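Notes for the one structure printed next.
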Amino acid sequence: MSREQELFEGGVAVITGAGAGIGMGLARRCGEIGMTVIVTDIEEARARSVADAIMAAGGRSEAQRLDVADPAALDAFAADVFARHGEVRLLVNNAGIETLGLTWEIPAARWEQTLSVNINGIVHGVRAFVPHMLKAGKQAWIANLASVGAFGQMPTQTAYIMSKHAIQAFSECLYLEMEVAGAPIHVSSVIPGMLKTSIFDAAAGKGEPEGAARHRAKMAHMMANYGMDLDEGCHKIIAKIAAGEFWVDTQEQMTDDIVAGRVAFLQSRAAPAMGAETKALLED
Numbered sequence: 593m594s595r596e597q598e599l600f601e602g603g604v605a606v607i608t609g610a611g612a613g614i615g616m617g618l619a620r621r622c623g624e625i626g627m628t629v630i631v632t633d634i635e636e637a638r639a640r641s642v643a644d645a646i647m648a649a650g651g652r653s654e655a656q657r658l659d660v661a662d663p664a665a666l667d668a669f670a671a672d673v674f675a676r677h678g679e680v681r682l683l684v685n686n687a688g689i690e691t692l693g694l695t696w697e698i699p700a701a702r703w704e705q706t707l708s709v710n711i712n713g714i715v716h717g718v719r720a721f722v723p724h725m726l727k728a729g730k731q732a733w734i735a736n737l738a739s740v741g742a743f744g745q746m747p748t749q750t751a752y753i754m755s756k757h758a759i760q761a762f763s764e765c766l767y768l769e770m771e772v773a774g775a776p777i778h779v780s781s782v783i784p785g786m787l788k789t790s791i792f793d794a795a796a797g798k799g800e801p802e803g804a805a806r807h808r809a810k811m812a813h814m815m816a817n818y819g820m821d822l823d824e825g826c827h828k829i830i831a832k833i834a835a836g837e838f839w840v841d842t843q844e845q846m847t848d849d850i851v852a853g854r855v856a857f858l859q860s861r862a863a864p865a866m867g868a869e870t871k872a873l874l875e876d
């Protein structure tokens, strides 16, 4: 039996944004190791499809529509989950969107949506669930989705990059707050590299400026050709969460390289500069 099965089998996993992408992969893995997986997504049909697949494979799952940009909805959802299940062993705050385009060209509505989902969705997910976890008094795990982008810079991906910097900082502080509170809650920052998901699909760019489509297509091509297999990456993520690691990455060398670059940038206090790969990506 694997370490993750020892810790998580029979427990409840709540995963936001699990109707596609990394959330879907994590939901499938949690189902495989014997958890009851509560699959949430802003699109109920997608959540239902993932939950049905988990159950068809012999697992236990529920589906629910959830808009993580709505704090009141998160409060009600957390209360309902604990009322019905008594505890949540693993909370994965995964829901997030990618937004492309120059800062001043992105419409206000798209900016608000991105920040509300990527930052506030995680903050309020923690705020809604932790009081119930503390009251239950049992060991629990919280994993927040950051990114290798949390340590870098990327023009025209500013909205996404800044949100992931924020989540990395939030998770670091939350980890320390659990120590201050003496809480039996483990915190992990999930730092995926490039996994094969649908985050750069054209349909996900609704509301972006017109010029973002070209960049989105290039990123989708790069992901399809060089990304890690989704299930492979999600297996690594769940294993590292179970191992109690704070830094939960999928491609260790990629993390090492980008963190080393960040450290060098901070130490030098130089102006931000684009590398050759970034320039090539942005060229017509």
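According to the numbering used here, the sequence shown is numbered sequentially starting from 593.
Glycine is no exception: its CB is placed at the ideal position from the N, C-alpha and C atoms.
Because the structure is a prediction, the values reported are computed rather than measured.
Those residues which DSSP pairs with residue i across a bridge
i, result
"N736", "N685 and S781"
"D633", "R657"
"R806", "Bridge partners of R806: none, in fact."
"M820", "L787"
"V673", "Paired residue(s): none; V673 is not in a bridge."
"R652", "T628"
Reduced DSSP category for residue i - H, G, I as helix; E, B as strand; rest coil
i, result
"M815", "helix"
"W839", "strand"
"M786", "coil"
"K616", "The sequence shown places Met at residue 616, rather than the Lys named in the question. M616 falls in the helix class under three-state DSSP."
"I625", "coil"
"I607", "strand"
"R719", "helix"
Inter-residue Cα distance where the pair is residue i and residue j
i, j, result
"S860", "V851", "14 Å"
"I791", "G797", "9 Å"
"R719", "M754", "21 Å"
"M846", "G799", "31 Å"
"A671", "H724", "8 Å"
"L726", "F762", "19 Å"
"A816", "V772", "43 Å"
"V606", "D644", "16 Å"
"D662", "V684", "17 Å"
Distance between beta carbons of residue j and residue i, contact taken as under 8 Å
i, j, result
"V782", "L822", "Wrong, their Cβ atoms sit about 14 Å apart, outside the cutoff."
"G609", "G729", "G609 to G729, Cβ: 28 Å. No contact."
"W733", "R681", "7 Å"
"I614", "P784", "6 Å"
"V722", "V660", "Actually they do not touch by this definition, with Cβ atoms about 15 Å apart."
"E555", "M627", "The requested residue 555 is not part of the displayed model; the chain covers only 593 to 876."
"A655", "E636", "7 Å"
"G744", "R595", "About 31 Å separates the two Cβ atoms, so there is no contact after all."
Query - Any 3 or more C-beta pairs closer than 8 Å across the segment 710-726 and the segment 655-670 - result: Of all C-beta pairs linking the segment 710-726 to the segment 655-670, three or more are shorter than 8 Å, placing the two stretches in contact.
Requested in this report: May I ask you to verify whether the segment 645-653 touches the segment 690-702, counting CB pairs closer than 8 Å and requiring at least 3?
Outcome: No, they do not touch.
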